[in-house]
Amino acid sequence: MAARPTASMTTRPSRPRPFSRCLPDPFRRTALAAVTVLLIARGALAQGTRADVSGMSIEELMKVDVTTVSRRAERLQETAAAVTVLTSEDIRRSGATSIPDVLRLVPGVHVARIDSNKWSVSVRGFTGRYSNKLLVLIDGRSVYTPLFSGVIWDAVSVPLATIERIEVIRGPGATMWGANAVNGVINIITRSASASAGVQATAATGTEDRALFSLTADRQVTAASAVRGDVALATTDASQPAPLSPDSSDRWHNLRVGMRADSRISARDEFSVQAAYTASRIDDAWLFPTLVVPYGAVTTGVARHAVAFTSAEWRGTAAPGETTVRGSVEHSNVQEGFAGEHRFTLALEAQRTQRMGRRHTLVAGLSERYSRDDLTQSTWVQFSPPQRTLQWRSIFGQDDVTFAGGRVRATAGLKMEHNDYTGWEVQPNVRGLWSITNTQAMWAAVSRAVRLPSRGEADSTLWLLTGVTPTSPVPVRVRLEALGRLDAETMHAYEAGYRHQFGSAASIDLSAFDQTYGSLRSVSAPEVGAFELTPAPHVDATVPLSFTASGRRRGIEAAAEWRPHARVRLVGTASWLDGYNNGSPATIVGVPVTDDPPRRLGVGRVSLNLPAHVELDGAVRYVSQLATTGVPGYVTADVRLGFRIGSVNLSFAGRNLTSASRREFVPEFFGLSRAAAERSLTIRASVSR
C-alpha cells in the first residue's frame, strides 16, 4: 500500500486574533443572539424552571438502578464495578447528535471520529473502528458483528429522544455477558412505551448535520398496554480530507423506522416486543494498493448498510425471584468497497434471579446464538469459505452474598462459553463491596475475560502493498492471513474503586485498574516469495497472522460532581492510561495494527438553569496525542443554549469551537485519513404534545 502522507503543520501567528474573530459569521450571530437572550432572561421570572439542573439530585442519581453489571437491578452506589450512567437529561443537554459523541462524556472512554459516518469507540485502550474488546448492547441485545468482532456504529441507529439512559461499565463484564465484554460494556436502554404518552417531533439543521428529523409517538392502548412508533432521518455533510490526502465525499444518509410495544399481561408477567429497520447510504472512498507509481489509487463509490431486527422479552415475577426470557432475530446487509456481508442472526437466552434466604441472591442462565453469513469478496480481500454458520452457547451463574447487615457484599460468578473456533472458554469473576457508611463505598474485583477470534481473522486473506523503499527497489505485495492455530485473546483484570457522596452537593467516583493480556493478535516474520514481473515488477511475501503477543494496561479514572446551587451543576472527569504490547509490530506496511490510545482524557462540564426557562451548557474536552500514528492531542469546547417557548424547545449548539477542523484518528486498512471533527453549529427544535 502506498505510504500515507504526513499531515503538514501550520504556523501559528505571533499575535493571535481575538477569539470572536476566529469564528465564522454564523457563530458570531449565534453568540450575539445568546447574549441578547441572556440579558432578557436576567430580568425575567423563573416560573416553571426545574428546581434541579439535571432533573435528578445527587442522592437520586446514587440510587439509580443499574442492570448491566449483574443482570439485575442494583443501586449505582452499591455496584462493585466502575460504572457511569448517562441519563436522558445528560444526553439532551450535551448537544450531541450521535451516540458516539454522547459517549465522550464518560471517563475512560475514547471516541474519535474517523469521517462523517465512522467512529472509533474504545474503553481502556485497544482503539479501532471495530474495537474488538468492547461489547455494545441495545436493551440487552448484542449489536456486534462476528465478521470483525466489533460494532459498525453508523448502523447503531437509536433516536436519542427514546433513550432512557446509557450504562457504561469500564472493565470486564464477561461473566454476565460473555466473550468480547473484555474492556467494557455499553448498554443503551430505551424507555418503555408506557413511560409517556404523546407525540414528539424533533428537527435540526446545521453546518455539518445538514438535516435531522425524528418523530416518536407513544400511545396507551389499554390500561396495561402501550405502543410506540418512531421514524428518523439524517443527512450529514462530507468531512474535510486531512492535509495532503485525496479529496472525496463521505456524505451520509440514514433512515430508521421502529416500534416498541409493552404490556403487563398480569400482576406478575410483563411482555415487550421491539422491531426496527435501519438503512444507510454513504458516499465513500477507499485507498486501494496498486503495483504502479504512486502504489495507491482512490476508488469512490457508495457503501450501503441495512439492518432489520425483531426482539421480544418476557419477564415473570414470582417471589422470591424473577425469570426473564429474551429472543431476537436480525438480518443485516453491509456492502463496502472492499467487502460485503449478508448475515442472519438468531439469539435466545433465559435467566433466573432467585433470592435464597436473607443473604444470597443467585443469578443463573443460559444462552444460544446462531449466525449464518454470505460474504462478498474483492481483489484485495478474500474469504474461504465465503459462506459459514457459527454457533455460540453458554451457561453462567453468579451468587451475591451480604454480610454485616448488608454493608459487606461478596460476589462470585462463572461463565462457560463454547464457540466454533476455540471450544470452551471459562470466564470467572470475584467482586467485593464495603459500604463504609450510607454515602461511602469501596470495592474491588478480580476477573478473567476472553476475546474470541473473528470470522475475518479465521477465514480471510488480506492483500496489502508497500511501495519502493531504500531496502526494496520494487514494491512488495503482502499476503496477510491466519496460517496456524486460532486462540482466544485473554485478559486478567484487577480493579478497585471508591465512591463518596458529600451530602446533597457533591460526589466523587474513583477507580484504578491493572489488566494483563495474553494471546493477543500479532503477525509473524514475513515469508518472502519469488520476484514477479506481471502485472508489474514486484515481490510477493506472506505474513502469517498469529495470537502470540502479550500486553498490559493500567490506569486511573476519576469523576467528580458539585452542585453549588440547585440550578448549577459542575462535572469533571479525567483518566490516565499506561501500557504496552510485546511481540507485535506497531504497523504493517504503514497501517497501524496495534493499540494507539491517548494516554490522558479529560472533560469539564457546566450546566446552568437560568430564569425564563433558559438553559446554558458548556464543556471543555482534552485528548492527548495518539503516539503510534502521530495524531496530535487537542483541547476543544462545546456550548449549548436552550430555551422553551410553550410546547416548543429550541436550542443552539456549537461543537469543536477551538479549531476549524482536526484529524482525530488514522483509519485502518483501505481508509482515507480525514479531518473529520469540524467546527459545527446545530439548531434544533422539538415539539411535544
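Positions in the sequence shown are counted from 1; adding 1 to them yields the working numbering. Glycine residues also receive a C-beta, built at the ideal position from the N, C-alpha and C atoms.
Query raised in the report: Going by DSSP, which residues form a beta bridge with residue 509?
Result: By 1-based counting over the sequence shown, the position of residue 509 is 508. Bridge partners of residue 509: 501 and 561.
Just to confirm, is the Cβ distance from residue 168 to residue 181 under 8 Å?
As a working note, residue 168 is residue 167 in the sequence shown. As a working note, residue 181 is residue 180 in the sequence shown. Result no, Cβ atoms of residue 168 and residue 181 do not sit closer than 8 Å.
According to DSSP, residues forming a beta bridge with residue 684 = Within the sequence shown, the letter at position 683 stands for residue 684. Note: residue 684 sits in a beta bridge opposite 206 and 653.
Mapping the DSSP letters down to three states, classify residue 287 as helix, strand or coil. Taking the first residue of the sequence shown as position 1, residue 287 is located at position 286. Note: residue 287 maps to strand in three-state DSSP.
- Determine the DSSP secondary structure at residue 103, reduced to helix, strand or coil. Here residue 103 refers to the residue found at position 102 when the sequence shown is read from its first residue. Residue 103 falls in the helix class under three-state DSSP.
>> Output needed for residue 404: all residues of its chain with C-beta closer than 8 Å, excluding positions within five of it in sequence on either side, in chain order.
In response: What you label residue 404 is simply residue 403 of the sequence shown in a count that begins at 1. Hits under 8 Å: 360, 410 and 411.
Check your understanding: Taking C-alpha atoms, which residue in 467, 65 and 363 lies nearest to residue 89?
Key -> Against the sequence shown, residue 89 aligns to sequence position 88. Residue 89 has its Cα closest to that of 65, out of 467, 65 and 363.
Distance check for residue 137 and residue 700, CA to CA, integer angstroms please.
Nothing can be reported for residue 700, as the shown portion of the chain is limited to 2 through 690.
Exercise. In the DSSP assignment, what are the bridge partners of residue 190?
Worked result: Working through the sequence shown from its first residue, we reach residue 190 at position 189. Looking at the DSSP assignment, residue 190 forms a beta bridge with 166.
With DSSP collapsed to three states, give me the class of residue 659. Within the sequence shown, numbered from 1, the residue matching residue 659 stands at position 658. DSSP places residue 659 in coil when its eight states are reduced to three.
query = Between residue 147 and the rest of its own chain, which residues show a CB-CB distance below 7 Å, the 5 nearest in sequence each way excluded?
reply = Along the sequence shown, one-based indexing puts residue 147 at 146. Around residue 147: 372, 391, 455 and 456.
By DSSP's criteria, residue 178 is part of a beta bridge. Which residues make up the other side?
The sequence position of residue 178 within the sequence shown is 177, counting from 1. Answer is none; residue 178 lacks a bridge partner.
Q. What are the start and end residues of the alpha helix (DSSP H) that includes residue 63?
A. Along the sequence shown, one-based indexing puts residue 63 at 62. Per DSSP, residue 63 belongs to the alpha helix (DSSP H) from 59–63.
| DSSP-derived helix/strand/coil call for residue 240 | In the sequence shown, counting from the first residue as 1, residue 240 sits at position 239. DSSP places residue 240 in coil when its eight states are reduced to three.
Q.
Please classify residue 681 as buried or exposed, where buried requires at least 16 neighbouring CB atoms within 10 angstroms.
A. Walking along the sequence shown from the start, residue 681 turns up at place 680. The residue in question, residue 681, is buried, as its Cβ has 16 or more Cβ neighbours within 10 Å.
Rounded C-alpha distance that separates residue 664 from residue 657
The sequence position of residue 664 within the sequence shown is 663, counting from 1. The sequence position of residue 657 within the sequence shown is 656, counting from 1. Their backbone Cα atoms lie some 12 Å apart in a straight line.
Cα-Cα separation, residue 68 to residue 190: Numbered from 1 along the sequence shown, position 67 holds the residue referred to as residue 68. Numbered from 1 along the sequence shown, position 189 holds the residue referred to as residue 190. Rounded to the nearest angstrom, the gap between the Cα atoms of residue 68 and residue 190 is 10 Å.
Quiz item: So what's residue 154 in DSSP terms, helix, strand or just coil?
Solution: Here residue 154 is taken as the residue at index 153 of the sequence shown, counted from 1. In the structure shown, residue 154 sits in a helix (DSSP, three-state: H, G or I).
Do you know whose CA, among 633, 447 and 512, lies nearest residue 561's CA? As a first step, residue 561 must be located in the sequence shown, where it is residue number 560. If we check each option's Cα against that of residue 561, 512 comes out closest.
Between which two residues does the beta strand (DSSP E) harbouring residue 620 extend? Residue 620 sits at position 619 when you count from the first residue of the sequence shown. Per DSSP, residue 620 belongs to the beta strand (DSSP E) from 615–624.
C-alpha distance - residue 675 paired with residue 453, whole-angstrom precision: Working through the sequence shown from its first residue, we reach residue 675 at position 674. Working through the sequence shown from its first residue, we reach residue 453 at position 452. Distance between the alpha carbons of residue 675 and residue 453 is about 31 Å.
- Message: Measuring straight from C-alpha to C-alpha, what distance separates residue 345 and residue 311?
- Response: Reading the sequence shown from its first residue, position 344 is the one you call residue 345. Reading the sequence shown from its first residue, position 310 is the one you call residue 311. Computed Cα separation, rounded: 12 Å.
Is the closest heavy atom of the ligand SAM to the C-beta of residue 328 under 7 Å? What this structure holds is no ligand at all, so the ligand SAM is not there to describe.
Are the CB atoms of residue 383 and residue 175 within a distance shorter than 8 Å?
Translated into positions along the sequence shown, residue 175 becomes position 174. Translated into positions along the sequence shown, residue 383 becomes position 382. No, they are not a contact pair.
Our contact map puts residue 130 next to residue 96 with C-beta atoms below 8 Å; I'd like the distance itself, whole angstroms only.
By 1-based counting over the sequence shown, the position of residue 130 is 129. By 1-based counting over the sequence shown, the position of residue 96 is 95. That pair is no contact at about 24 Å.
Where residue 266 sits in the DSSP three-state scheme: Taking the sequence shown and counting its residues from 1, one reaches residue 266 at position 265. Of the three classes helix, strand and coil, the one that applies to residue 266 here is coil, per DSSP.
Excluding the 5 residues flanking residue 431 on each side, which residues of the same chain have their C-beta closer than 6 Å to its C-beta? Stepping through the sequence shown from its first residue, residue 431 is reached at position 430. Within the same chain, residue 431 has close Cβ partners 413 and 447.
query = residue 396: which of 647, 370, 521 and 316 sits nearest, CA to CA?
reply = Taking the first residue of the sequence shown as position 1, residue 396 is located at position 395. It is 370.
Quiz prompt | Element boundaries [beta strand (DSSP E), containing residue 401] | solution = Here the question's residue 401 lines up with position 400 in the sequence shown. Per DSSP, residue 401 belongs to the beta strand (DSSP E) from 388–404.
Does the separation of the CB atoms of residue 666 and residue 240 fall below 8 Å? Here residue 666 corresponds to residue number 665 of the sequence shown, with the count starting at 1. Here residue 240 corresponds to residue number 239 of the sequence shown, with the count starting at 1. Contact flag unset, no.
Residues that residue 296 bridges to, as DSSP identifies them: The residue you call residue 296 lines up with position 295 of the sequence shown. Residue 296 pairs with nothing; no bridge assigned.
### Query
Which value, in whole angstroms, describes the spacing of the CA atoms of residue 124 and residue 484?
To locate residue 124, count along the sequence shown from 1; it is residue 123. To locate residue 484, count along the sequence shown from 1; it is residue 483. Looking at the two C-alpha atoms, the distance is approximately 30 Å.
Hey, how far is the Cα of residue 353 from the Cα of residue 323?
In the sequence shown, the residue the question calls residue 353 occupies position 352. In the sequence shown, the residue the question calls residue 323 occupies position 322. The alpha-carbon atoms of residue 353 and residue 323 are separated by roughly 6 Å.
What are the partner residues of residue 541, as DSSP defines its beta bridges? Here the question's residue 541 lines up with position 540 in the sequence shown. Residue 541 pairs with 478.
Decide yes or no for the touch test of the segment 251–263 against the segment 222–232: beta carbon pairs closer than 8 Å, at least 3 of them. yes
Exercise. How many angstroms separate the CA atom of residue 333 from the CA atom of residue 567?
Worked result: In the sequence shown, residue 333 corresponds to position 332, counting from 1. In the sequence shown, residue 567 corresponds to position 566, counting from 1. Computed Cα separation, rounded: 47 Å.
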